[in-house]
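S.K.: My questions will all concern the structure given below.
2 protein chains.
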Amino acid sequence: MFRPVQPAPMPGQILARGVCRALVGLNFAPLTEQVPAPGLRCDVMALGPKGEIWIVECKSGRADFTSDRKWQGYLDWCDRFFWAVDADFPTDLLPAESGLILADGYGAEILRMAPETRLLPARRRALTQGFARAAALRLTALRDPGAVISGGWT
Amino acid sequence: MFRPVQPAPMPGQILARGVCRALVGLNFAPLTEQVPAPGLRCDVMALGPKGEIWIVECKSGRADFTSDRKWQGYLDWCDRFFWAVDADFPTDLLPAESGLILADGYGAEILRMAPETRLLPARRRALTQGFARAAALRLTALRDPGAVISGGWT
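These protein sequences, in sequence, are chains A and B.
Numbering-wise, full-length UniProt numbering puts 1 at position 1 of the first sequence, and it's gapless, one number per residue.
Numbering-wise, full-length UniProt numbering puts 110 at position 110 of the second sequence, and it's gapless, one number per residue.
Below, the structure is given as structure tokens:
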């Protein structure tokens with residue numbers, strides 16, 4: 001089987017792995033790099049057992065956070081929004097009204113629960129459907145690379 | 001990386017692969033072996049661009065079909081229901097009111113579109129959510145086997 005060379009993960013992606021592990025432990029199904037709306041790409045989006053939608057942005061350091069001008073745009077696309085950072089991150093930088101997760105590559109822990117702003121039903125429906133299709137298509141592509149090629153999926 | 005030995009695919013699973021490829025080409029996101037309700041396991045469930053839910057049951061031969069006493073149960077969990085069979089299958093056996101797909105391991109084609117019986121919104125919501133969570137959890141497990149072990153997901 002052909003396997004493309006994988007680039008080394010970026011620091012944010014390493015945190016995302018630990019975040020995903022913790023989310024699975026909380027009975028949330030995580031999906032990385034999901035696009036809830038054009039121009040927005042979430043580090044981690046997760047779907048809870050009651051349909052709750054969480055977004056977690058992983059920040060590897062001060063520069064990574066201060067260069068992010070889009071994060072407030074994520075608030076409209078989830079019920080709860082969290083930052084995930086490692087133990088060295090200067091957490092005073094982060095807005096106090098967001099959730100906070102301490103993460104490394106192997107796991108994560110919620111230090112501060114994010115406040116809940118519930119999505120309207122139509123948006124939740126569209127987000128859940130987009131999440132479902134993206135996850136299933138990626139899973140299909142991973143299990144059968146020929147599916148994407150022969151199916152012309154982009 | 002540890003890779004468990006994969007058993008050889010069953011004839012129905014080979015058809016399912018071709019069906020998934022064709023579904024991707026129709027802009028449907030396929031998921032194999034999804035369980036829409038306790039005791040029911042679909043060969044292929046797929047989610048369309050407008051949220052349509054299709055179920056495809058893959059039958060490798062006469063005995064596989066005649067031993068299936070559960071198929072009518074699937075009708076309540078999708079908008080359209082199809083049989084997928086190979087070129088040697090005696091299609092006269094199949095109920096004329098179901099959709100029909102001709103498949104092999106590399107692709108498939110819809111020979112007869114299934115009639116539509118639209119799901120009620122609450123059931124569609126629950127099915128889409130279950131589909132999304134299952135696909136994302138399987139994708140997570142495939143990309144990071146440690147997620148399932150450390151997260152305790154079953």
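All C-beta atoms in this analysis are idealised placements derived from N, C-alpha and C, irrespective of residue type, glycine included.
In this text, all values refer to a predicted model and were calculated from it rather than measured experimentally.
Please state whether DSSP places B/D79 in a helix, a strand or coil.
M.R.: Walking along the second sequence from the start, residue 79 of chain B turns up at place 79. The answer is coil: DSSP assigns B/D79 none of H, G, I, E or B.
S.K.: Are any of the Cβ atoms in chain B nearer than 8 Å to that of A/M10?
M.R.: Along the first sequence, read from residue 1 onward, the residue named residue 10 of chain A stands at position 10. Cβ-Cβ to chain B under 8 Å: no for A/M10.
S.K.: Between A/V148 and chain B, is any beta-carbon pair separated by less than 8 Å?
M.R.: Indexing the first sequence from 1 puts residue 148 of chain A at position 148. For A/V148, the answer is yes, since a Cβ of chain B falls inside 8 Å of its Cβ.
S.K.: First and last residue of the alpha helix (DSSP H) that includes A/A141?
M.R.: Position 141 of the first sequence, counting from 1, holds the residue named residue 141 of chain A. That run of the alpha helix (DSSP H) goes P121 to R143.
S.K.: Using a Cβ-Cβ distance cut-off of 8 Å, determine whether A/L31 contacts chain B.
M.R.: Position 31 of the first sequence holds residue 31 of chain A. Closer than 8 Å: yes.
S.K.: Residue ranges of each alpha helix (DSSP H) run of no fewer than 4 residues wholly in the region 44-112 of chain A, ordered along the chain?
M.R.: Runs found: 62-66 and 71-74.
S.K.: Report yes if the CB atom of B/I53 is closer than 8 Å to the CB atom of B/L47, and no otherwise.
M.R.: One-based indexing of the second sequence puts residue 53 of chain B at position 53. One-based indexing of the second sequence puts residue 47 of chain B at position 47. Yes. Within cutoff.
S.K.: For the candidate residues A/L26, A/F81, A/R143 and A/G73, whose alpha-carbon lies nearest to that of A/A37?
M.R.: Here residue 37 of chain A refers to the residue found at position 37 of the first sequence. Per the Cα distances, A/G73.
S.K.: What residue does the alpha helix (DSSP H) around A/A37 start on, and which one ends it?
M.R.: What you label residue 37 of chain A is simply residue 37 of the first sequence in a count that begins at 1. No alpha helix (DSSP H) holds A/A37; the beta strand (DSSP E) holding it covers A29 to A37.
S.K.: Please state whether the Cβ-Cβ distance between A/A132 and B/T128 is less than 8 Å.
M.R.: Taking the first sequence and counting its residues from 1, one reaches residue 132 of chain A at position 132. Taking the second sequence and counting its residues from 1, one reaches residue 128 of chain B at position 128. Yes, the Cβ-Cβ distance between A/A132 and B/T128 is below 8 Å.
S.K.: Give me the DSSP bridge partner(s) of A/C42.
M.R.: Within the first sequence, numbered from 1, the residue matching residue 42 of chain A stands at position 42. A/Q34.
S.K.: Output needed for B/L111: all residues of its chain with C-beta closer than 6 Å, excluding positions within five of it in sequence on either side, in chain order.
M.R.: By one-based count along the second sequence, residue 111 of chain B stands at place 111. Once the five neighbours on either side are set aside, the close Cβ partners of B/L111 are L100 and L102.
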